[in-house]
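*Asks:*
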Amino acid sequence: MKWFLVILSLLLFVGLIFAFQIPLLIDFDLKILLFFEDIRTPFFDQFFTIITEIGSIRVLFPLCIGVSLYLVYKRCFLELVCLWTLFWGSRWLNFLLKEWVQRDRPSLHPLVEIKDYSFPSGHSMNSIAVLGFLFYLFMTTFKPKSNWKLFWILVTGITIFLIVISRLYLGVHYPTDVLAGLSLGYLLLVSLLYLFRVIRNKWLADSS
Numbered sequence: 050m051k052w053f054l055v056i057l058s059l060l061l062f063v064g065l066i067f068a069f070q071i072p073l074l075i076d077f078d079l080k081i082l083l084f085f086e087d088i089r090t091p092f093f094d095q096f097f098t099i100i101t102e103i104g105s106i107r108v109l110f111p112l113c114i115g116v117s118l119y120l121v122y123k124r125c126f127l128e129l130v131c132l133w134t135l136f137w138g139s140r141w142l143n144f145l146l147k148e149w150v151q152r153d154r155p156s157l158h159p160l161v162e163i164k165d166y167s168f169p170s171g172h173s174m175n176s177i178a179v180l181g182f183l184f185y186l187f188m189t190t191f192k193p194k195s196n197w198k199l200f201w202i203l204v205t206g207i208t209i210f211l212i213v214i215s216r217l218y219l220g221v222h223y224p225t226d227v228l229a230g231l232s233l234g235y236l237l238l239v240s241l242l243y244l245f246r247v248i249r250n251k252w253l254a255d256s257s
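Sequential numbering from 50 applies to the sequence shown in my numbering.
1. So, isoleucine 259 versus isoleucine 100, is the Cβ gap smaller than 8 Å?
2. Does the distance from the C-beta atom of glycine 230 to that of proline 159 stay below 8 Å?
3. Report the CB separation of leucine 109 from valine 179 in whole angstroms; it is logged as a contact under 8 Å.
4. For phenylalanine 85, I'd like the list of residues in its chain whose CB is within less than 6 Å of its CB, leaving aside the five on either flank, ordered along the chain.
5. Can you tell me whether DSSP reads cysteine 131 as helix, strand or coil?
6. What do you reckon, are the CB atoms on serine 139 and leucine 61 nearer than 8 Å?
7. Report all residues from its chain with a CB closer than 6 Å to the CB of valine 239; omit the five preceding and five following residues, and keep chain order.
8. What number of angstroms, rounded off, separates the C-alpha of leucine 132 from the C-alpha of aspartate 94?
9. So what's isoleucine 71 in DSSP terms, helix, strand or just coil?
10. Report the three-state DSSP secondary structure of glycine 138 (helix, strand or coil).
11. Taking only the alpha-carbon atoms, compute the straight-line gap between phenylalanine 200 and leucine 59 and give it to the nearest angstrom.
12. Quick one, are the C-beta atoms of threonine 225 and aspartate 78 less than 8 Å apart?
13. Between tryptophan 137 and isoleucine 202, what straight-line distance do the alpha-carbon atoms span, to the nearest angstrom?
14. Going by alpha carbons, who is nearest to serine 117 out of Val130, Ile106 and Ser105?
15. Which residues in the same chain as arginine 154 place their Cβ atom closer than 7 Å to its Cβ, once the five residues preceding and following it in sequence are excluded?
16. Measure how close the beta-carbons of valine 227 and serine 170 come, nearest whole angstrom, since I'm counting them as under 8 Å.
17. Would you tell me roughly how many angstroms separate the C-alpha atoms of leucine 127 and asparagine 250, rounded to the nearest one?
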């Protein structure tokens with residue numbers, strides 16, 4: 050199942066890079082954005098403005114700093130390196146892709162003004178990569194009981210989902226932007242987790 054999702058994510062991302070400008074997808078993007086414009090209310094305006102901050106560097110950076118202090122205390126240096134590799138790697142890759150694709154932001158009626166390019170969504174990409182890795186660290190470090198596992202899966206999944214929706218609601222990304230960001234962020238997360246396990250297992254084998 051995991052490799053199916055990896056292949057699907059890769060195909061989705063590559064396909065969107067070369068196909069987001071076709072009329073069918075442009076029409077899809079506009080219809081979704083207009084739908085979110087139609088359901089805007091003052092409450093949801095404020096709610097999604099707050100939610101979108103969770104996926105920003107202003108929240109994720111201090112969160113990763115706090116986790117890093119704990120990892121240093123526990124001498125989990127491999128986890129520490131992986132965390133910051135994923136944090137900065139996803140951001141730099143997102144920046145490079147935006148500069149390469151150079152897709153302008155939606156210009157319908159955005160609730161916030163953003164000056165950089167749109168494709169792929171950095172919030173979507175960084176959220177699934179960083180929050181996904183933090184979720185993995187939490188589950189492997191604290192090992193919550195089985196009846197709590199579903200709760201934390203839902204909390205993480207709903208948080209990422211709401212961050213993604215917030216970008217559409219605020220009118221700062223097209224749906225194809227967030228789909229590309231999610232797929233690439235997932236690929237980065239899975240790739241790093243694979244490397245992490247390989248290196249950790251090698252260390253354990255060498256030390257035994």
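Glycine included, each C-beta is placed from N, C-alpha and C at the ideal position.
*Replies:* This is what the structure holds:
1. Absent from the structure is residue 259, since the part of the chain shown begins at 50 and ends at 257.
2. Sequence index remark: in the sequence shown, residue 230 carries index 181 (1-based). Sequence index remark: in the sequence shown, residue 159 carries index 110 (1-based). The answer is no: Cβ separation not under 8 Å.
3. What you label residue 109 is simply residue 60 of the sequence shown in a count that begins at 1. What you label residue 179 is simply residue 130 of the sequence shown in a count that begins at 1. That belief holds up - the Cβ atoms of leucine 109 and valine 179 are roughly 5 Å apart, short of 8 Å.
4. Stepping through the sequence shown from its first residue, residue 85 is reached at position 36. The residues are Leu217 and Tyr218.
5. Here residue 131 refers to the residue found at position 82 of the sequence shown. Looking at cysteine 131 - three-state DSSP - the assignment turns out to be helix.
6. Residue 139 sits at position 90 when you count from the first residue of the sequence shown. Residue 61 sits at position 12 when you count from the first residue of the sequence shown. Their beta carbons are not under 8 Å apart, which means serine 139 does not touch leucine 61 by this criterion.
7. The sequence position of residue 239 within the sequence shown is 190, counting from 1. So the list reads Val55, once near-sequence residues are dropped.
8. Within the sequence shown, residue 132 is the residue found at index 83, counting from 1. Within the sequence shown, residue 94 is the residue found at index 45, counting from 1. When rounded, the distance between both Cα atoms is 32 Å.
9. Within the sequence shown, the letter at position 22 stands for residue 71. Three-state result, isoleucine 71: coil.
10. On the sequence shown, position 89 is the one that residue 138 refers to. In this structure, glycine 138 counts as helix in the three-state DSSP scheme.
11. Within the sequence shown, numbered from 1, the residue matching residue 200 stands at position 151. Within the sequence shown, numbered from 1, the residue matching residue 59 stands at position 10. Each residue's alpha carbon lies about 29 Å from the other.
12. For the purposes of this step, residue 225 is identified with residue 176 of the sequence shown, where counting begins at 1. For the purposes of this step, residue 78 is identified with residue 29 of the sequence shown, where counting begins at 1. Yes, Cβ-Cβ distance for threonine 225 and aspartate 78 is below 8 Å.
13. Position 88 of the sequence shown holds residue 137. Position 153 of the sequence shown holds residue 202. Whole-angstrom Cα-Cα distance: 24 Å.
14. Here residue 117 corresponds to residue number 68 of the sequence shown, with the count starting at 1. Here the closest residue by C-alpha is Val130.
15. What you label residue 154 is simply residue 105 of the sequence shown in a count that begins at 1. The residues are Ile163, Ser167 and Val221.
16. Position 178 of the sequence shown holds residue 227. Position 121 of the sequence shown holds residue 170. At roughly 4 Å, the Cβ-Cβ gap stays under 8 Å, so valine 227 and serine 170 are in contact.
17. Against the sequence shown, residue 127 aligns to sequence position 78. Against the sequence shown, residue 250 aligns to sequence position 201. Their backbone Cα atoms lie some 12 Å apart in a straight line.
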